[in-house]
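**Student:** Please read through the structure below; I'll follow up with questions.
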Amino acid sequence: MKKNSKILAGLALAATAIIIMLFSTMPSAGSKEITITDLSENAAKYQDDYIMTQGLLKKETVKWDADKLELHFDIYDESGKEIMPIFYKGVKPDNFSDDVIIIVEGFIQKDGVFHAEKVQTKCPSKYEGKDYDEEKHKEIFNDKKQ
Amino acid sequence: MYVIGNIALYLGIVIAAYSLLANIIGMIKKDNRWLESARGGVLSLLFVSSIAAALLLYLLGTSQFQFKYVATYTNETLPLIYKLSAFWAGNAGSLMLWAFLLCVYAAMVVFSKEKRNPMMPYVSSIMLVNILFFFTVMVLNANPFEMTGSIPPDGKGLNPMLQNPGMVVHPVTLYLGYVGLSVPFAFGIAALILKRMDAEWIKLTRRWTLTAWMFLTIGNIVGGWWAYLELGWGGYWAWDPVENASFLPWLTVSAFLHSVMIQERKNMLKTWNVSLIILSYILSLFGTFLVRSGILTSVHAFGDSNLGTYFLVFMSFMMLVSIYIVMTRYQLIKKESNQVESYFSKESSFLVNNLIFVAAAFAVFWGTMYPLISETLTGAKINVGAPYFNKVMAPIMLSLIVLMAVCPLIAWQKPAVDKFLKSMMWPLAVGAATGIILTVLGVKGIFAIIGLSSASFMLATHIQEFMRGTSARMKATKENPWKAAYRLTAKNQRRYGGYIVHIGIAVLAIGVISSQAYSKEVMKTVNKGESFTIGKYELTFNSLAERMKDGNGIVTADVDASYKGKSIGKIMPEKIFYETWPEPSSEVAIKTNLAEDLYVVVSSWESRDKVTFLVKVNPFVSWIWAGGIIMLAGTVFALFGGKPTLSRIPAIAGQKFKGR
Numbered sequence: 001m002k003k004n005s006k007i008l009a010g011l012a013l014a015a016t017a018i019i020i021m022l023f024s025t026m027p028s029a030g031s032k033e034i035t036i037t038d039l040s041e042n043a044a045k046y047q048d049d050y051i052m053t054q055g056l057l058k059k060e061t062v063k064w065d066a067d068k069l070e071l072h073f074d075i076y077d078e079s080g081k082e083i084m085p086i087f088y089k090g091v092k093p094d095n096f097s098d099d100v101i102i103i104v105e106g107f108i109q110k111d112g113v114f115h116a117e118k119v120q121t122k123c124p125s126k127y128e129g130k131d132y133d134e135e136k137h138k139e140i141f142n143d144k145k146q
Numbered sequence: 001m002y003v004i005g006n007i008a009l010y011l012g013i014v015i016a017a018y019s020l021l022a023n024i025i026g027m028i029k030k031d032n033r034w035l036e037s038a039r040g041g042v043l044s045l046l047f048v049s050s051i052a053a054a055l056l057l058y059l060l061g062t063s064q065f066q067f068k069y070v071a072t073y074t075n076e077t078l079p080l081i082y083k084l085s086a087f088w089a090g091n092a093g094s095l096m097l098w099a100f101l102l103c104v105y106a107a108m109v110v111f112s113k114e115k116r117n118p119m120m121p122y123v124s125s126i127m128l129v130n131i132l133f134f135f136t137v138m139v140l141n142a143n144p145f146e147m148t149g150s151i152p153p154d155g156k157g158l159n160p161m162l163q164n165p166g167m168v169v170h171p172v173t174l175y176l177g178y179v180g181l182s183v184p185f186a187f188g189i190a191a192l193i194l195k196r197m198d199a200e201w202i203k204l205t206r207r208w209t210l211t212a213w214m215f216l217t218i219g220n221i222v223g224g225w226w227a228y229l230e231l232g233w234g235g236y237w238a239w240d241p242v243e244n245a246s247f248l249p250w251l252t253v254s255a256f257l258h259s260v261m262i263q264e265r266k267n268m269l270k271t272w273n274v275s276l277i278i279l280s281y282i283l284s285l286f287g288t289f290l291v292r293s294g295i296l297t298s299v300h301a302f303g304d305s306n307l308g309t310y311f312l313v314f315m316s317f318m319m320l321v322s323i324y325i326v327m328t329r330y331q332l333i334k335k336e337s338n339q340v341e342s343y344f345s346k347e348s349s350f351l352v353n354n355l356i357f358v359a360a361a362f363a364v365f366w367g368t369m370y371p372l373i374s375e376t377l378t379g380a381k382i383n384v385g386a387p388y389f390n391k392v393m394a395p396i397m398l399s400l401i402v403l404m405a406v407c408p409l410i411a412w413q414k415p416a417v418d419k420f421l422k423s424m425m426w427p428l429a430v431g432a433a434t435g436i437i438l439t440v441l442g443v444k445g446i447f448a449i450i451g452l453s454s455a456s457f458m459l460a461t462h463i464q465e466f467m468r469g470t471s472a473r474m475k476a477t478k479e480n481p482w483k484a485a486y487r488l489t490a491k492n493q494r495r496y497g498g499y500i501v502h503i504g505i506a507v508l509a510i511g512v513i514s515s516q517a518y519s520k521e522v523m524k525t526v527n528k529g530e531s532f533t534i535g536k537y538e539l540t541f542n543s544l545a546e547r548m549k550d551g552n553g554i555v556t557a558d559v560d561a562s563y564k565g566k567s568i569g570k571i572m573p574e575k576i577f578y579e580t581w582p583e584p585s586s587e588v589a590i591k592t593n594l595a596e597d598l599y600v601v602v603s604s605w606e607s608r609d610k611v612t613f614l615v616k617v618n619p620f621v622s623w624i625w626a627g628g629i630i631m632l633a634g635t636v637f638a639l640f641g642g643k644p645t646l647s648r649i650p651a652i653a654g655q656k657f658k659g660r
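These protein sequence lines map, in sequence, to chains A and B.
When we follow UniProt numbering, the leftmost residue of the first sequence carries the number 1, and every step to the right adds one.
When we follow UniProt numbering, the leftmost residue of the second sequence carries the number 1, and every step to the right adds one.
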């Protein structure tokens, strides 16, 4: 066997070891991405899974307890049918406004409340997306004038 | 102006297509006039894209809200620097920047002193295909010169998170890096097509690759710094798909930078090198595709648009063409390759280095794409977050650090185990001492201690290499230490530039390991005058004040901070209410020193007298930025060291001889 081939064989062995490592960490370190609808219909099924879900924020449902540092809010899916109540022990992230997309990670509880360990916001118009809405910006502009 | 802008874009398509054709005709007919004409075409492309870019800058700077792009990303009161940097805030402008940079690079390549090189028409054609693609996408899908129906009184404004100095540097440097990769890619493919299997294309593009790598490094580190300052993006690195997308080409180019040295010296690894640069180039497109397509759930992805499809198609096309060319030349490459001479040599250690880099890239890629892979295989979309990446990448990066610690001590070609062990003694002792001292000091966390020891091991190796080289030169030339050190490094800029980069990585690694392992966090709601502690810091909340600046309302919390009972001054975290944005954004206040950052955010308030703070103590974060600066300095140093190493060896040997 040539030296090149031997070295290649050694490297391939090392590569295999790394790949095995990849696969072995995979299931434990992941979160399942489930839609709100699926989650509220099959809450029992997903009880033991670490879950990631996303929905739009209902601003009027935000309840913030400053002394306990507890945050409650509801998110809904785009059709508006399903609503998922979220509980989070922590502060509000930036950009926490009406209809913003919220990405949460955590566990669904028996009572149907989602206990989030991570809350992140994603603004659909953050960089790109919605077309320029003239009406809306006329409003903002007028508000500013007053 | 609408007309000028659009003419420029259409002209871009026409000229790029024409030049491509001229190149092909020129190559078939072997007619220099056609090639000359294509060169002229590249120059006109530079002219046209400069006009388009300058025009967009002008429109942004003067707030011409009849243009949709200007109205969407800026408003009247935005500071000028952010009005201008809104250039790359959206899809259309980013594509324009990309096209412009491509034209600049193409012109630089085509008019370089290698312009008569037979590879050049191919290189030029490959770059023209890229340029053509970007202009076409702009015209079809994301025209920066689109008009609004009626002129709005004011623009929508720039997202507050983008109003940060990071916005001025981060996207441009990343694009400079991405676009820069197209040059070595084009040369690699050209060399393959022409069956020129020597290292010429590598030598010609060394500076290009290194420059691209440097910009990718800056882009990634400035991105981390930016994310660190903007709360909600969670620290400096979150393993978000979009971040990973910019990390992937960095990893493969890092591998490439090392493996090309073997091809230059030993005429080996030819297929591998060409594959690496193809991979890096494809990954740079892949990054853009990920960001634009919205196929993955990411916090900072652009909205869904069919731009992703364009990129996917283009990327697949380039990939298939590249694979086809590599396959058809494979036998030829193989025939001309050399064999490794010894297991324990620099060559083998570089192979291990490459394996680690590529494994790292694969691990990142795998984790990033896992949601899609798992959805196809099992139906459930499974996201792997930071825990996966930390678990997998920590050992990979650790082995990379250890490898960097021993690699400079391994000789080329011949196995010199005794010498290697002897020279490793001191650095290894430094590493072990670090571990022991940390343990004695009561530092917890075995993995972090191993990591820190390895980093100091690696640091010591490189410092020893500098000292050894200097003292050898002092003995040989009787120069004083400073002069000897200067001459030594100036004579071997590639090598010592690389070592400086390694030192930067060691410093950065210390910062990353410490801040990941030993960060503290406290959330607290306090009343006026009340204090709370975090670590050895004590914070007292004094008052909440409100003021106006540039039409934005700013709420500032006044906090007294003390460390071990001694006052270290005031900390003023802010919340800014932008007039164009519904929600305020946090301005973090940071007290930084060499050992740690005190990181204070005013999160929310119930009244003027009751405020909630989020406070973190992040150790050694400033080392990350310092490491980045050292890496940059090392790269620049290596960039100015020109000629290939081979031709130098006799020169240095001659000098030593003279010294005696």
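Even glycine gets a Cβ: it sits at the ideal position worked out from N, Cα and C.
On a predicted model such as this, the values are computed, not experimentally measured, just so you know.
Comparing the C-beta of residue 2 of chain B with each C-beta of chain A, is any distance below 8 Å?
**Tutor:** no
**Student:** What residues match up with residue 611 of chain B in a beta bridge as DSSP calls it?
**Tutor:** B:526 and B:605
**Student:** Are any of the Cβ atoms in chain A nearer than 8 Å to that of residue 619 of chain B?
**Tutor:** no
**Student:** Identify whether residue 679 of chain B lies in helix, strand or coil by the three-state DSSP scheme.
**Tutor:** Residue coverage of chain B in this structure runs from 1 to 660, which leaves residue 679 of chain B outside it and unanswerable.
**Student:** Among residues of its own chain, excluding the 5 on either side of residue 576 of chain B, which ones have a beta-carbon nearer than 7 Å to its beta-carbon?
**Tutor:** Within the same chain, and ignoring the five residues on either side of residue 576 of chain B in sequence, the residues whose Cβ sits closer than 7 Å to its Cβ are 160, 552, 554, 584, 585 and 587.
**Student:** Could you check where the beta strand (DSSP E) with residue 64 of chain A kicks off and where it finishes?
**Tutor:** In the DSSP assignment, residue 64 of chain A falls within the beta strand (DSSP E) that extends over 51-65.
**Student:** Scan the stretch 97-110 of chain A for residues whose Cβ lies nearer than 9 Å to a Cβ of chain B and list them as they occur along the chain.
**Tutor:** 97, 98, 100, 103 and 105
**Student:** Give me the DSSP bridge partner(s) of residue 86 of chain A.
**Tutor:** Note: residue 86 of chain A sits in a beta bridge opposite A:73 and A:114.
**Student:** Assuming residue 107 of chain B and residue 14 of chain B are in contact, meaning their beta carbons sit under 8 Å apart, how far apart are those beta carbons, in whole angstroms?
**Tutor:** Actually they are not in contact, since the Cβ atoms of residue 107 of chain B and residue 14 of chain B sit about 17 Å apart, beyond 8 Å.
**Student:** In the DSSP assignment, find the alpha helix (DSSP H) that holds residue 27 of chain B and state where it starts and stops.
**Tutor:** 2-29
**Student:** Which residue from B:192, B:516 and B:625 puts its Cα closest to that of residue 321 of chain B?
**Tutor:** B:192
**Student:** Using a Cβ-Cβ distance cut-off of 8 Å, determine whether residue 310 of chain B contacts chain A.
**Tutor:** no
**Student:** Please list the partners that residue 75 of chain A has in chain B, where partner means a Cβ-to-Cβ separation under 7 Å.
**Tutor:** Result: empty, since nearest Cβ-Cβ is about 14 Å, beyond 7 Å.
**Student:** Quick check on residue 158 of chain B: does DSSP put it in helix, strand or coil?
**Tutor:** coil
**Student:** DSSP beta-bridge partners for residue 598 of chain B?
**Tutor:** B:591 and B:617.
**Student:** When DSSP labels each residue in this structure, what does residue 557 of chain B get in the three-state scheme?
**Tutor:** strand
**Student:** With a cut-off of 8 Å, does the C-beta of residue 84 of chain A fall near any C-beta of chain B?
**Tutor:** No, because no Cβ of chain B sits closer than 8 Å to the Cβ of residue 84 of chain A.
**Student:** Does DSSP put residue 117 of chain B in a helix, in a strand, or in coil?
**Tutor:** coil
**Student:** Taking only the alpha-carbon atoms, compute the straight-line gap between residue 59 of chain A and residue 121 of chain B and give it to the nearest angstrom.
**Tutor:** 59 Å
**Student:** Should residue 278 of chain B and residue 133 of chain B be called a contact, given that it needs their Cβ atoms to be closer than 8 Å?
**Tutor:** no
**Student:** Can you give me the start and stop residues for the beta strand (DSSP E) that residue 545 of chain B sits inside?
**Tutor:** Note, residue 545 of chain B: beta strand (DSSP E), 537-549.
**Student:** Identify the continuous beta strand (DSSP E) that holds residue 379 of chain B and give its terminal residues.
**Tutor:** Unbroken run through residue 379 of chain B: none, as it is neither H nor E.
**Student:** Using the C-alpha atoms, what's the distance from residue 369 of chain B back to residue 139 of chain A?
**Tutor:** With a pLDDT of only 46 at residue 139 of chain A, under the threshold of 50, the placement of this residue in the model should not be trusted, and no figure is reported.
**Student:** Is the Cβ of residue 90 of chain A closer than 8 Å to any Cβ of chain B?
**Tutor:** True, the Cβ-Cβ gap to chain B drops below 8 Å.
**Student:** Taking one C-beta from the stretch 211-219 of chain B and one from the stretch 171-184 of chain B each time, how about it: are there three or more such pairs within less than 8 Å?
**Tutor:** yes
**Student:** What does the alpha-carbon distance come out to for the pair residue 122 of chain A and residue 101 of chain A?
**Tutor:** 5 Å
**Student:** Whole-angstrom Cβ separation of residue 461 of chain B and residue 409 of chain B, contact assumed at under 8 Å?
**Tutor:** 6 Å
**Student:** Assign residue 483 of chain B to one of two classes, buried (16 or more other C-beta atoms within 10 Å of its C-beta) or exposed (fewer than that).
**Tutor:** exposed
**Student:** For residue 32 of chain A, return the contacting residues in chain B, with the cut-off set at a CB-CB distance below 8 Å.
**Tutor:** Within chain B, the residues whose beta carbon sits less than 8 Å from that of residue 32 of chain A are 380, 381, 382 and 383, listed in sequence order.
**Student:** Please check if any C-beta of chain A sits within less than 8 Å of the C-beta of residue 490 of chain B.
**Tutor:** no
**Student:** Taking a contact to mean a Cβ-Cβ separation below 8 Å, would you say residue 88 of chain B touches residue 102 of chain B in this structure?
**Tutor:** Cβ distance not < 8 Å, so residue 88 of chain B and residue 102 of chain B don't count as in contact.
**Student:** If you draw a straight line from the C-alpha of residue 333 of chain B to the C-alpha of residue 53 of chain A, how long is it?
**Tutor:** Between residue 333 of chain B and residue 53 of chain A, the C-alpha separation is close to 50 Å.
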